[in-house]
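Residue numbers (the numbering used here): 10 to 191.
We treat Cβ as the ideally placed atom computed from N, Cα and C, and that holds for glycine.
Note that the coordinates shown come from a computational prediction; the quantities given were computed from them, not determined experimentally.
Comments concern the structure below.
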Amino acid sequence: MSFLMGQRIPDADLALRSTGNALGLLGLALGFGGLLSGLFIHPKSEKSGIIISLVIAAPLLMLFPTLSGVWLLVLLALGVVALASTIPLVIATGQRLLPHSSAFASSVFMGLAWGTSGVVAPIAVTWLGSWIGYARAIPIFIGAGLLVSLACTLALPRVIRPSDDSHLVPSEPNDKIRPDKP
Numbered sequence: 010m011s012f013l014m015g016q017r018i019p020d021a022d023l024a025l026r027s028t029g030n031a032l033g034l035l036g037l038a039l040g041f042g043g044l045l046s047g048l049f050i051h052p053k054s055e056k057s058g059i060i061i062s063l064v065i066a067a068p069l070l071m072l073f074p075t076l077s078g079v080w081l082l083v084l085l086a087l088g089v090v091a092l093a094s095t096i097p098l099v100i101a102t103g104q105r106l107l108p109h110s111s112a113f114a115s116s117v118f119m120g121l122a123w124g125t126s127g128v129v130a131p132i133a134v135t136w137l138g139s140w141i142g143y144a145r146a147i148p149i150f151i152g153a154g155l156l157v158s159l160a161c162t163l164a165l166p167r168v169i170r171p172s173d174d175s176h177l178v179p180s181e182p183n184d185k186i187r188p189d190k191p
């Protein structure tokens with residue numbers, strides 16, 4: 010986002026302040042989106058939650074480069090809330106798909122995905138923006154990314170098997186559990 014603000018606002022001081030405000034709002038929206046999905050999406054229905062979030066986020070984020078001022082920040086916040094609501098859902102899904110490697114599943118979805126997108130997105134948008142203009146490049150790039158995310162989500166199994174949490178649940182009610190040693 011910082012490279013976009015620099016392109017859209019020629020005054021360097023104003024671009025820096027605007028980027029700071031937008032990034033602060035982005036952080037709040039990320040946290041709020043994650044909390045919302047954790048509160049409202051039923052366990053084992055993550056796939057539908059991810060699809061709904063992507064469908065809501067797509068138009069909001071694609072309008073982002075066409076607006077300015079308060080409306081830009083409002084749409085950015087709403088789009089990020091919708092998109093960020095997928096984060097806990099994707100992590101939970103990955104951990105259920107790989108129950109014996111939940112740390113690996115989390116690292117793939119968080120570390121690899123975020124790291125790759127943090128490097129690829131600015132390069133790709135800058136390249137495409139210099140070729141066809143940023144006003145057209147950003148919606149194309151966001152749309153393509155969301156379509157790929159939606160396709161990957163649709164490719165998930167219809168029913169994701171529950172993780173093996175049997176080691177966390179006692180096999181007998183608490184009042185009948187006997188200690189190993191007297």
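Cα-Cα separation, residue i to residue j
| i | j | result |
| --- | --- | --- |
| L207 | F73 | The structure shown does not extend to residue 207, since the chain is modelled only from 10 through 191, so no value can be given for it. |
| A66 | Q104 | 24 angstroms |
| L69 | I147 | 12 angstroms |
| T135 | A153 | 15 angstroms |
| V79 | F41 | 19 angstroms |
| E55 | F49 | 11 angstroms |
| S115 | P97 | 10 angstroms |
| A112 | A122 | 14 angstroms |
| L107 | S139 | 41 angstroms |
| I61 | L163 | 12 angstroms |
| I141 | I149 | 10 angstroms |
| K53 | M119 | 20 angstroms |
| R145 | S110 | 41 angstroms |
| I117 | G124 | A quick correction: the sequence has Val, not Ile, at residue 117. Distance between the alpha carbons of V117 and G124 is about 10 angstroms. |
| L137 | M71 | 15 angstroms |
| A91 | V129 | 22 angstroms |
| R187 | L87 | The pLDDT assigned to R187 is 49, lower than 50, so where the model puts this residue is not dependable; a value taken from the coordinates is nonetheless given after this. Going from the Cα of R187 to the Cα of L87 covers about 52 angstroms. |
CA nearest to the CA of residue i, picked from the options
| i | options | result |
| --- | --- | --- |
| C161 | I141, I147, T95 and G127 | T95 |
| G43 | I100, L69, K53 and L76 | I100 |
| H51 | L92, T102 and L87 | T102 |
| P131 | I151, A31 and V157 | I151 |
| Y143 | G127, G120, G29 and T75 | T75 |
| S77 | V129, T28, G120 and K53 | T28 |
| V157 | S126, H109 and L87 | S126 |
Beta-carbon gap between residue i and residue j smaller than 8 angstroms
| i | j | result |
| --- | --- | --- |
| L155 | L63 | yes |
| W58 | S46 | The sequence as given places Gly at residue 58; Trp does not occur at that position. Yes. |
| L35 | V89 | yes |
| L39 | A93 | yes |
| A31 | L82 | yes |
Legend entry - Those runs of the alpha helix (DSSP H) which lie wholly inside the segment 64-99 and span at least 4 residues: 78-93
Inset, instruction - Could I get the ranges of all uninterrupted alpha helix (DSSP H) runs contained in the segment 115-161, with 4 residues as the minimum, in chain order? - result: 122-141
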